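Asker: Here the numbering used here is used: the first residue of the sequence shown is 36, the next is one more, and so on. Glycine included, each C-beta is placed from N, C-alpha and C at the ideal position. Here the structure is a predicted model, which is why all the values come from computation and not from measurement. Supplied in structure tokens, the structure appears directly below.
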Amino acid sequence: MSDSLVGRTLFTVAKVSLLIISLFLFSIAWFLCSDMLARDNWPTTKGKVFESQAVAKQGEMLGRKVKYYDLNIRYGYIVDKVRYNKIGLFFKQADKNLELSYFKEKEQEFKKGDIVKVHYNPQNPKQAYLVPEIASGMRSFYDTTQKMLILSIFLFLISPFINMFRDKKYIEKNTFEQGLIVPDSAKVIPVHKRGR
């Protein structure tokens with residue numbers, strides 16, 4: 036088996052494997068992040084903060100009592116001439132691993148009386164949030180799988196052009212003499228020395 040055939044085979048196996056793995060991981064990432072991605076595209080309206088204070092709370096995590104932090108925030112907003120009141124910074128409950136400093140920072144960002152941008156669900160305006168969920172790991176996983184999928188599709192698209200260029204170069208490089216392909220590096224033996 037020639038080196039070029041081995042290289043072509045390995046390249047084909049690599050690009051097919053990358054495509055299969057990328058599709059598999061992208062489908063998992065899409066399944067896990069689809070709700071979060073849909074919420075990123077919710078429309079926004081202006082709202083007003085009525086109360087904002089970082090607090091410590093008690094809760095349960097994996098069967099143990101834990102102390103965690105949250106931002107007691109209450110705000111109101113209007114959608115289609117209907118007023119809604121909401122409590123909470125995120126769409127869902129705050130992550131119990133976030134530090135107090137995060138909520139102190141958000142307390143300064145969302146002070147009482149401030150006009151803020153509220154993201155709301157167009158089908159159900161009662162559902163709203165001020166800050167997207169903190170899921171940077173999931174978002175990074177989704178972005179990485181998306182880039183892998185784009186790369187594997189790109190490899191499939193350019194491989195015919197690579198093959199065409201390589202085949203054209205190979206044909207131009209060699210000359211035919213008595214039906215045999217003679218590489219450029221072949222040693223030319225003069226006619227008078229061929230019989231010896």
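1. Which first and last residues belong to the beta strand (DSSP E) in which V86 is found?
2. Hey, would you say F138 sits closer than 7 Å to Y164, going by beta carbons?
3. For V153, which residues of its own chain have a beta-carbon under 6 Å away from its beta-carbon, when the five flanking residues on both sides are left out?
4. Got a sec? Which residues, its chain only, sit under 7 Å from F176 by beta carbon, not counting five neighbours each side?
5. With a threshold of 8 Å, are at least 3 pairs of Cβ atoms found where one atom belongs to the segment 185-196 and the other to the segment 52-70?
6. Once you ignore the five residues that flank R235 on each side, which residues in its own chain have a CB closer than 8 Å to its CB?
7. To the nearest angstrom, how far is it from the Cα of N156 to the Cα of L106?
8. Near P218, what residues of its chain come up, given a Cβ to Cβ distance below 6 Å and the 5 sequence neighbours on each side ignored?
9. Measuring alpha carbon to alpha carbon, tell me which of K161, L133, G123 ends up nearest F145.
10. With DSSP run on the structure shown, which of helix, strand or coil describes G172?
11. Which first and last residues belong to the beta strand (DSSP E) in which K121 is found?
12. Name, in chain order, the residues that DSSP records as bridge partners for K100.
Answerer: This is what the structure gives:
1. Correcting the residue type first, residue 86 is Glu in the shown sequence and not Val. Looking at the DSSP string, the run of the beta strand (DSSP E) that includes E86 is 79-96.
2. no
3. T80, G82, Y112, A163
4. A64
5. yes
6. The chain is shown from 36 up to 231; residue 235 falls before or after that span and cannot be answered.
7. 22 Å
8. none
9. G123
10. helix
11. 117-122
12. E95
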